[in-house]
Structure formats: C-alpha cells, structure tokens
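Encoded as structure tokens, the structure appears first; notes follow it.
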Amino acid sequence: MLYPIRKSELILLICFLAVIAGVPVTQTCIELARHERVQAADVFRYEPTANNLRQFEHTLEEKSWFQQQLRPQLQRFLFATLHDTGAKGVLGRDRWLFYRPGRATRIGYNRRNNAPIARASSRRSSDSGTN
Amino acid sequence: MVFTTHIFVFYFLPVFLLVYFNLPFRWRNLWITGASYVFYGWWQPWFVCLMMLTTVMDFIWGRVITRPGAPPAQRKLAVMACVFTNLSFLGFFKYYMFSAETLNQLLALVGAEPFRVLRVVLPIGISFYTFHSLTYIIDLYRGHATPAKSGTDFSAFVALFPDLVAGPIIRYKTLAAQLAFREHTLPRFTSGITLFILGFAKKILLANPCGHVADAVFNAGNPCALDAWVGVLAYAFQIYFDFCGYSDMAVGLGRMLGFEFLKNFDAPYLSESITDLWRRWHISLSSVLRDYLYLPLGGNRLGPSRTYVNLAIVMLLGGLWHGAKWVFVWWGAYHGLLLAYERWRGKRSLYHTLPPGFRIAVTFVLILFSWVLFRAENLRAAGHYFGAMFGLIPATSTSLLLAADIYAPLYLLVMTVCGALVFQRVQAHEWSLKPQTWPRLTLLMPLFVFSLLVMFSQAFNPFLYFQF
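Those sequence lines, one after another, are chains A and B.
According to this note's numbering, the first sequence is numbered sequentially starting from 491.
According to this note's numbering, the second sequence is numbered sequentially starting from -16.
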C-alpha cells in the first residue's frame, strides 16, 4: 500500500462493512436457527418478473428481524421527541391523532376540474380543525 | 434498485463488494457490467435488453467511426446515424405519448377525431445512459477520445451502476483510463464510504421529510400565502438534497470501486445570478449541454442575437430533457430567458450592484419561482400556485389542517437544518476528500446507523431524478 493507513479510516471501513454485511448475515442465522426458509434465497425461487421482484423486496423488508425490532423503537423515539406520527398520522390539538390520507382528501385538489374541493367543504371543516 | 433501500444496502452492496475485491482486475469490469444489469433490471427486467441493444449498437458504431482509413464522409454518416438512432429510442420512449397527446389536443381544437395513443412505459434513466453513449460517439468523431479497447470496458462504462439512473453524466474520455487501470486504496475507499454516508443521510433525513411538506402543500387546494412559500421552499430543499444526495452516493460508490467522478453540485443556492447557478447546479448536465449542443449551435461566435437564441434553445431542450411535460418546457424557457438577459448585460444580473447576501437572496427567490413550474402538475396548477404565493387566491379554513401537517416540529427542525446546510460553503464532496479522522468517524457512523433506522420507518421514496 502506497498510502499511510490511518487507524480511524480502518475502523470506519470495518464499521461500515460490519453494518452492511452484519444485517443479512444475522438475518440468515436467525432464520436458520428458527428452521425457517432463508428469505434472501427466494430471489432464485421465482421467475424474475417486476411483480415478483417487488414482492420479494417487500417480504425481505417486512421479515427483517432488525426492521421488526428497531422500527417501533425509532417511531416511539421520534414521537416522544418531535411528535412525529409517521406516514399515516397527523398530530392535532390535545394529542389527537388524525388519519393523514383522510386529511389529504379533505384539503386536496380536485384534479378533474382543478377546483379546490376544500372550498366546498370549508365551512364543515372549520370546526374539526386540528382536534 | 434504489440506493436507499434494504435490498441495496444489505444485500446487493455487500455481495457486490465481496465478489469485486476477490476478482482479478481483468474480470472486474465484467462483474461491474453483470451487477449493473441486475441493478438496472430490478425495476423491469426487459429494460436491460434495451440497454444491451444500444450498448452493442454504439460499440459497433464507434468501431466504424474510428476504422483506420475511413473516409470523412463515411465517419460523418456513421456518427449521424448513431445519434439519430439513440435519439429515436429516447424520443419514442420518452416523448411519444407527450407528442401524441399534444397532437390530439390540437386536433380537438379543430374538431377532428383524435387518434388512439399507445401507452409506452418509460425505461428508467434512459436519458442518462443515452447521453453517456452519445458523448462516447461524438468524442470519437471529434477525436477527443480513443475507442473502447473491449466490449466489456464499454458496457461497464454505459451500465456502471453508481451513475446509471440519475447521473452525474460521465463522459467516456473521463473514465477511459480508469476503466483500463484504477488504483484501489484504503483512503480512497473510506473517502467513498464517507461520501456515500453523507449522501444517504441527505436523502433519508432531509430530502424525504421536505418532500412530505412539499407534497402536502402542492396537493392542497387553496394554501395561504405563507404555506405556499413554505411549500416551495420545502420543494427547493427536497430536490437539492435528493439529487445532490444521489450524486454524492454515486461518486462515493465510484470511489469505492476506484473511479473518480466529477462533482455535480457546488453550493447552488449560494449563486449570485442565474448564470452562476448553472455553473453550480447539475454541473455534468450543464457541461454536456454546453459542449454537445450550445457550441455546435455556434455558441457566442455568431453575434449577440444568435447567442441569446442559442441560450434559449439549449435551455428549452434542457427543460424538455427533464421530462415530457409542458411545465418543463416553460421551466427551461424561464431559465433561458434569464440567462439571455444576463448575457445581454455582460453576464451580470439586474441586481449585481446589491451586496452579495442580497444577490444570493434575490437569485434564490428567482430559483423558487422556477421550482413552482418544475413541481406543478400542469401550467394551470402552476398559475394557481403562484396566485396562492401572492395572496391572490383566498385561503380557506382548511389551511388549518394543512398547517397541522406542515408545521410539525420534525419538519420545522429538518427545514432549519436544510437552510443551515444549503447556505454555507462546506460541501460533502470536498469534506470527504480530507483524511477521515476520529472526530469524523464519531460523526459518520452514528449518522449512518440513524439514517438506516429512519429508512426502516419510511415508505418507498424513489429519487426525483429517476423520472428523467
């Protein structure tokens, strides 16, 4: 090697590789220990069509042990610190939670005639507000 | 495949790196090609066939153009045929539906019967790899590059997965020597990791939350003026951190593989004029448009009026390159007009006498106006949004609902961080080139782990520039 190696760079390399390789290796070990099918191997099981690949990717994410364990913790942390309610919720007054897609429909744009549907429903929605 | 997904970070990347660094050098370009086809085909496997076809075709055209003893007329014919074929593919897949629908609208105006429009699926990133191939062919013709030594080298250049679907647009002459030989060193690899992590964090932690704010406001019926300004500001941050984040990841991955790509952004929101902006925003596209379109049109050599026309043409086509929608054409026209105006004033803006901070602020507001055109569904929606920004459209009480959404503490925090980052001069690209010291390490790894955790909780968020 022509360049001097810094210990910090070596640690960065090891940590990075440990994170990106550690997750799939641990996942495989967990699946084998539970006598389950190794999810990652499913990519070779089905015909590689766009739908099958999407399904495979979705299943891989949803069955990930790390994702299952860590996602609720992070969501709890973000809600406690920054009142983040994720993709489906909006936090209102007095900590009421509203369903985001429903809210979007209420204030959304009527694409057919480009007339804001909010105008029509403004009076009705004025009381519902954020609580 | 998207860089910020489970499948890429935890499966594709480790497997790719493991095999890559265990192969002898002569096999590495072949592995890059194969892996890039998997990466690209992940969206739709048949897209790979189209890319293979254009790769083989362009490689053969390259050989024809550089054949020893080939007469100039034959070389010219070959380059024209190649450019025509590549642009035909691009034109069909990207602009057929747009052209047909526009024609139908015109027919409807004169009362004629519209014809049936075929539904054409747009292969992702086709604009980028078509431009890669075109730069190869045109550089060969001009004698600025030597032909690829092997089909493997050329296919690795076209398919190279880090920059395949959203740039930066890399010319063959930049990579030719690196395809033949490149050095893999630990400092370069760790510098690549640094840039990858910073780009990853930009996309996950900054661009995606800003995208939620922008989507909420742009999809709202009648936002109040403040909400409308916040919405376009959020979109300005989203598009910058999304695209710049992608470019950082691309350059970072390239460095891990021993390649050195040019940087694509240089603090664009610190521009003091629109001319300055185009030296800092999507630098690879600006330079390609300059060298392969503006200069062949005559550049500034044919007199002032022709220079303005050339600038307008380049920006109109640059706008159309972004997508087959009229709003992109208007976006290009807006920038072309401002560029031509500044050129007329000797590359100075109307407000060049103001102090630098004010010049940056005025330019930023001009950029925000252009983002409204870029983000809006159509011209009518853009007009409606401009009206909301200037209070010309009365806000309804439902803006309370919108406010509850966009002024959440998380979004306010993210937008404050975005503001602090875009208006300072230290850029990730330069930062990553410095040695990775212990303080940096203690910042980078927690940032990466936190970004991954946030990625676990986010819905699918493809990069904005994938559609181009």
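Glycine included, C-beta positions come from ideal geometry on N, C-alpha and C.
Quiz item: Which residues in the same chain as Ser332/B place their Cβ atom closer than 6 Å to its Cβ, once the five residues preceding and following it in sequence are excluded?
Solution: Residue numbering aside, residue 332/B sits at position 349 when the second sequence is read from its first letter. Result list for Ser332/B: Ser256, Glu325, in chain order.
Quiz item: Secondary structure at Leu587/A, three-state DSSP: helix, strand or coil?
Solution: Indexing the first sequence from 1 puts residue 587/A at position 97. Here Leu587/A sits in strand by DSSP.
Exercise. Please confirm whether Leu0/B and Met232/B have their CB atoms less than 9 Å apart.
Key: Your numbering for residue 0/B matches position 17 in the second sequence. Your numbering for residue 232/B matches position 249 in the second sequence. Not closer than 9 Å, so no.
Exercise. Return the CA-CA distance between Thr346/B and Phe556/A, expressed in angstroms with no decimal places.
Key: Translated into the one-based positions of the second sequence, residue 346/B becomes position 363. Translated into the one-based positions of the first sequence, residue 556/A becomes position 66. Whole-angstrom Cα-Cα distance: 45 Å.
Self-check item: Buried versus exposed call for Val(-8)/B [16 or more other C-beta atoms within 10 Å across all chains shown]
Solution: As a working note, residue -8/B is residue 9 in the second sequence. Classification of Val(-8)/B: buried, given that the 10 Å Cβ count is 16 or more.
Exercise. To the nearest angstrom, report how far apart Arg289/B and Trp327/B are at their CA atoms.
Key: The sequence position of residue 289/B within the second sequence is 306, counting from 1. The sequence position of residue 327/B within the second sequence is 344, counting from 1. Using only the alpha carbons, I get a separation of about 11 Å.
Quiz item: Is it right to say His305/B is buried, meaning 16 or more other beta carbons lie within 10 angstroms of its own, or is it exposed?
Solution: By 1-based counting over the second sequence, the position of residue 305/B is 322. Burial call: buried.
Practice problem: Sort Phe201/B, Arg342/B, His195/B, Ile107/B by Cα distance to Leu253/B and report the nearest one. | Solution: Walking along the second sequence from the start, residue 253/B turns up at place 270. Residue Arg342/B is the option with its Cα nearest to Leu253/B.
Self-check item: Validate contact between the region 289 to 299 of chain B and the region 373 to 383 of chain B using beta carbons, cut 8 Å, 3 pairs
Solution: no
Exercise. Could you name the residues of chain A that Val(-8)/B contacts, counting a contact when the two beta carbons are closer than 9 Å?
Key: Indexing the second sequence from 1 puts residue -8/B at position 9. The contacting residues are Val509, Ile510, Val513.
Self-check item: Rounded C-alpha distance that separates Ile152/B from Ala159/B
Solution: Taking the second sequence and counting its residues from 1, the one referred to as residue 152/B is at position 169. Taking the second sequence and counting its residues from 1, the one referred to as residue 159/B is at position 176. The alpha-carbon atoms of Ile152/B and Ala159/B are separated by roughly 14 Å.
Quiz item: Where does the unbroken beta strand (DSSP E) through Leu581/A begin, and where does it stop?
Solution: Indexing the first sequence from 1 puts residue 581/A at position 91. 579 to 581 is the extent of the beta strand (DSSP E) around Leu581/A.
Quiz item: Closest to Val234/B by CA distance: which of Phe183/B, Leu86/B, Val196/B is it?
Solution: Translated into the one-based positions of the second sequence, residue 234/B becomes position 251. Here the closest residue by C-alpha is Phe183/B.
Self-check item: Alpha-carbon spacing of Tyr394/B relative to Val196/B, whole angstroms
Solution: By one-based count along the second sequence, residue 394/B stands at place 411. By one-based count along the second sequence, residue 196/B stands at place 213. Rounded to the nearest angstrom, the two C-alpha atoms are 7 Å apart.
Quiz item: At a CB-CB cut-off below 8 Å, which residues of chain B make contact with Gly576/A?
Solution: Taking the first sequence and counting its residues from 1, one reaches residue 576/A at position 86. Chain B residues near Gly576/A: Ser440.
Exercise. Give the single residue among His265/B, Pro55/B, Asn444/B, Arg284/B whose Cα lies nearest to the Cα of Gly301/B.
Key: Walking along the second sequence from the start, residue 301/B turns up at place 318. Closest by alpha carbon: His265/B.
Exercise. Within 10 angstroms of the Cβ of Leu587/A, are there 16 or more other Cβ atoms? Answer buried if so, exposed if not.
Key: Here residue 587/A corresponds to residue number 97 of the first sequence, with the count starting at 1. Exposed, by the Cβ-count rule.
Practice problem: Give the straight-line distance between the Cα atoms of Leu276/B and Ser110/B, rounded to the nearest whole angstrom. | Solution: Translated into the one-based positions of the second sequence, residue 276/B becomes position 293. Translated into the one-based positions of the second sequence, residue 110/B becomes position 127. About 15 Å.
Quiz item: From Ser440/B, Cys401/B, Glu413/B, Leu236/B, pick the residue whose C-alpha is nearest to that of Ile15/B; which is it?
Solution: Numbered from 1 along the second sequence, position 32 holds the residue referred to as residue 15/B. Residue Leu236/B is the option with its Cα nearest to Ile15/B.
Quiz item: Roughly how many angstroms lie between the CA atoms of Val409/B and Pro392/B, to the nearest whole one?
Solution: The residue you call residue 409/B lines up with position 426 of the second sequence. The residue you call residue 392/B lines up with position 409 of the second sequence. C-alpha separation (whole angstroms): 26 Å.
Practice problem: Counting only the same chain and skipping the five closest in sequence on each side, list residues whose C-beta sits under 7 Å from that of Trp26/B. | Solution: Translated into the one-based positions of the second sequence, residue 26/B becomes position 43. Correct list, in chain order: Ile107.
Practice problem: Any chance you could list the alpha helix (DSSP H) runs of at least 4 consecutive residues sitting entirely within the region 380 to 427 of chain B, in chain order? | Solution: 382 to 389, 392 to 405, 411 to 416
Quiz item: Can you tell me whether Leu522/A is buried or exposed, with buried defined as 16 or more other CB within 10 angstroms of its CB?
Solution: Position 32 of the first sequence, counting from 1, holds the residue named residue 522/A. Exposed is the call here.
Quiz prompt | Range covered by the alpha helix (DSSP H) that runs through Leu294/B | solution = The residue labelled residue 294/B in the question sits at position 311 within the second sequence. Residues 287 to 305.
Quiz item: Listing by chain order, which chain A residues have their CB less than 8 Å from the CB of His(-11)/B?
Solution: On the second sequence, position 6 is the one that residue -11/B refers to. Correct list: Glu547, Leu550, Glu551, Ser554, Gln557.
Quiz item: So, is Met491/A buried or exposed, given that buried needs 16 or more other C-beta atoms within 10 angstroms?
Solution: As a first step, residue 491/A must be located in the first sequence, where it is residue number 1. Any reading at Met491/A is ruled out, since the residue's pLDDT is 41, under 50, leaving its predicted position unreliable.
Exercise. Give the residues of chain B in contact with Thr539/A, contact being defined as C-beta atoms less than 8 Å apart.
Key: For this step, residue 539/A is matched to residue 49 along the first sequence. Residues of chain B passing the Cβ test: Pro28.
Quiz prompt | Contacting positions in the region 419 to 437 of chain B - beta carbon closer than 8 Å to chain A | solution = Gln419, Thr420, Trp421, Arg423, Leu424, Leu427, Met428, Phe431, Val432, Leu435, Leu436, Val437
Quiz prompt | Closer than 9 Å to chain B by CB, Asn600/A | solution = Sequence index remark: in the first sequence, residue 600/A carries index 110 (1-based). Note that Asn600/A has pLDDT 43, beneath the 50 cutoff, so the model's placement of it is unreliable and the number below is only indicative. Taking Cβ atoms only, chain B reaches closer than 9 Å to Asn600/A, which makes this a yes.
Practice problem: Starting from Ala323/B, follow the alpha helix (DSSP H) in both directions and report where the run begins and ends. | Solution: Translated into positions along the second sequence, residue 323/B becomes position 340. It spans 309 to 327 - the alpha helix (DSSP H) in which Ala323/B sits, taken as one unbroken run.
Quiz item: Using a beta-carbon distance cut-off of less than 8 Å, what residues from the region 237 to 257 of chain B approach chain A?
Solution: none
Quiz prompt | For Ser498/A and Arg125/B, the rounded distance between their alpha carbons | solution = For the purposes of this step, residue 125/B is taken as the residue at position 142 of the second sequence. For the purposes of this step, residue 498/A is taken as the residue at position 8 of the first sequence. Spanning the two alpha carbons is a distance of roughly 46 Å.
Practice problem: Locate the alpha helix (DSSP H) running through Phe244/B, then write down its first and last residues. | Solution: Start at 1 with the first residue of the second sequence, and residue 244/B comes out as number 261. Taken as a continuous stretch (DSSP letters only), Phe244/B belongs to no alpha helix (DSSP H), as it is neither H nor E.
Quiz item: If we count the other Cβ atoms within 10 Å of its Cβ and call it buried at 16 or more, is Thr173/B buried or exposed?
Solution: Residue mapping note: residue 173/B aligns to position 190 of the second sequence, counting from 1. Flag for Thr173/B reads buried.
Self-check item: Residues that Arg527/A contacts on chain B, provided the C-beta gap is smaller than 7 Å
Solution: Here the question's residue 527/A lines up with position 37 in the first sequence. Going along chain B, no residue has its Cβ under 7 Å from Arg527/A, so there is no contact; the nearest lies around 16 Å.
Quiz prompt | Separation of Leu123/B from Thr379/B, as counted between CA atoms | solution = Stepping through the second sequence from its first residue, residue 379/B is reached at position 396. Stepping through the second sequence from its first residue, residue 123/B is reached at position 140. Cα to Cα, Thr379/B sits roughly 60 Å from Leu123/B.
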